[in-house]
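In the numbering used here, the protein residues as written are 3 to 269. All C-beta atoms in this analysis are idealised placements derived from N, C-alpha and C, irrespective of residue type, glycine included. Please read all numbers here as calculations on a predicted model, not as lab measurements.
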Amino acid sequence: MDEVFKALADPGRRRLLDSLDARNGQSLRELCAELDMARQSVSKHLAVLEAANLVTTVRRGREKLHYLNAVPINAIADRWMNKYDRGRASALADLKTALEGSTMTTNDSGDTAFVYRTYIRTTPEKLWGALTDPAFTTRYWGVTFESDWRAGSEMSWEQFGVKITDPEQVVLESEPYRRLSYTWHTMTPEFAEATGLGEEYRARAAAEERSKVTFEIEPMGAMVKLTVIHDGFAPGSTILSSVSEGWPALLSSLKTMLETGETLPEG
């Protein structure tokens, strides 16, 4: 937590985060041009932000793309807001809102992606179980999955009392304790009705192609680094807003459950 506050204290680093908040997934070259800062200065600032886990990186070909990671900000906000029970009335909540605004980015290849990273004091085996075992997913996510978690296998998704099953809802990659990827469910009339969404939204969402979510698990001593990449969105996707707002809170709850046995209270 100290690293996060230290990183945010510098105005140059805040400018970098603002730039990524406005247009995520930028290369070092793009960030230098946008902020009119020397390459060496930007590199040093990015190193501090990466060390504080406020910026994550993903390699695409020869370039390294930088993404704003809202998870540490969400964790700070949850800690202080839960302790003092001030809801949205604090400066941290305002900061949380600013940094958790849409982190959507369209890179040079035209791909839209969200990238989040968190560090959890657990083991790869326990984290894998928390991502796949319905006994855990129902606790912090409110979702029940059914699958054998083999690449190519179908999976069902049950939430709000509605079960979504479709031949296109499949496991794409499965390396136990290392990497998991699957197609993200589309909207069904039953699910839309259960969540109170309007008819126009239902029709648009149901017509969309499925996006993809990938979990990358990397052991780091007593910790595990979890990177979540959500991409493959259709142009003008209806779920972009819910994706950008949902993952930080979800990952905070996952981290809390694995480290303390409890989940974050619903707000």
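Can you say whether residue i is buried or exposed, counting buried as having 16 or more other CB atoms within 10 angstroms of its CB?
i           : result
residue 222 : exposed
residue 176 : buried
residue 8   : exposed
residue 139 : buried
residue 53  : exposed
residue 63  : exposed
residue 167 : exposed
residue 114 : buried
residue 262 : exposed
residue 27  : buried
residue 132 : buried
residue 3   : exposed
Got a sec, what are the start and stop residues for the beta strand (DSSP E) residue i sits in?
i           : result
residue 161 : 158-161
residue 119 : 114-122
residue 56  : Neither: residue 56 is in no beta strand (DSSP E) and is coded neither H nor E.
residue 65  : 65-70
residue 221 : 214-222
residue 233 : 225-233
Assuming residue i is part of the alpha helix (DSSP H), what are its boundary residues?
i           : result
residue 145 : Unbroken run through residue 145: none, as it is neither H nor E.
residue 16  : 13-24
residue 177 : Careful: residue 177 lies outside any alpha helix (DSSP H), inside the beta strand (DSSP E) at 173-177.
residue 7   : 4-10
residue 41  : 41-53
residue 31  : 30-37
DSSP puts residue i in a beta bridge; with which residues?
i           : result
residue 138 : Residue 138 is not bridged to any residue.
residue 185 : 214
residue 152 : Paired residue(s): none; residue 152 is not in a bridge.
residue 165 : 160
residue 62  : 65
Please work out which residues of its chain come closer than 8 Å, Cβ to Cβ, to residue i, disregarding the five sequence neighbours upstream and downstream, and give them in chain order.
i           : result
residue 130 : 178, 179, 182 and 219
residue 45  : 30
residue 57  : 18, 19, 22, 48, 51, 68, 69, 70 and 71
residue 134 : 147, 149, 151 and 182
Leaving out five residues before and five after residue i in sequence, what residues of the same chain have Cβ atoms less than 6 Å from its Cβ?
i           : result
residue 36  : 21
residue 41  : 34
residue 47  : 14, 15 and 18
residue 127 : 179
residue 232 : 116, 215 and 245
residue 229 : 119 and 218
residue 235 : 114 and 213
residue 60  : 67 and 117
Suppose the cutoff is 7 Å on Cβ atoms and the five residues either side in sequence are ignored; what does the same chain contact list for residue i look like?
i           : result
residue 161 : 144 and 145
residue 224 : 123
residue 265 : 141, 142, 255, 258 and 259
residue 154 : 172 and 173
residue 185 : 170, 171, 172, 174, 212 and 214
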